[in-house]
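*Asks:* Heads up: the sequence shown is residues 1 to 122, going by full-length UniProt numbering.
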Amino acid sequence: MSWLIFLVWFGNIVCDTIGQLAFKGAATEPDEENKPQSLFQYWLALFRQPLLWIGIISYVAEFLLWMAFLTLVPLSEGILLGSINIIVIMVLGRLFFDEKLTSMRVLGISFVAIGVAIVGAF
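1) Contact between the stretch 63–73 and the stretch 6–18 is defined here as three or more beta-carbon pairs at a separation below 8 angstroms; is this criterion met?
2) Can the beta-carbon of I79 be found closer than 8 angstroms to that of A113?
3) Kindly indicate which residue of F23, G108, I109, Q37 has the alpha-carbon position closest to the one of W53.
4) Quick check on V73: does DSSP put it in helix, strand or coil?
5) For T28, tell me which candidate among N85, A61, L4, F96 has the shortest Cα-Cα distance.
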């Protein structure tokens, strides 16, 4: 894997991870003082969340990096290498949002990691 491919791939992982965590943070941020009474008020409050906009900007950057990445590698390899995002997001979701990592999820993470390592090696 060339340095350019690695940098674009790594940037994609970073942007996707930031976007996912920002969306989760925006959706679960407690606002007890101004608790929305309706779905419309909820969405208005959500659009005032800086984390939502960080997530949107991160997703736009991730999309552009993903398109660049797919021009550099075959689709079959790109999809497999892109799967590393699943691992990163699950681990950081555990750290930042105290989400559960069950034994089945850890087994799944292991399979993804092994697959990515095999694809990355060849």
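Here a beta-carbon is modelled for each residue, glycine too, at the ideal position from N, C-alpha and C.
*Replies:* For this structure:
1) yes
2) If you number the sequence shown from 1, residue 79 lands on position 79. If you number the sequence shown from 1, residue 113 lands on position 113. It is not a contact, given that the beta carbons lie outside the stated cut-off.
3) As a first step, residue 53 is located in the sequence shown; it is residue number 53 there, counting from the start. Looking at the Cα atoms, F23 is the closest of the given residues.
4) Start at 1 with the first residue of the sequence shown, and residue 73 comes out as number 73. In the structure shown, V73 sits in coil (DSSP, three-state: anything other than H, G, I, E or B).
5) In the sequence shown, residue 28 corresponds to position 28, counting from 1. Cα-wise, what sits closest to T28 is F96.
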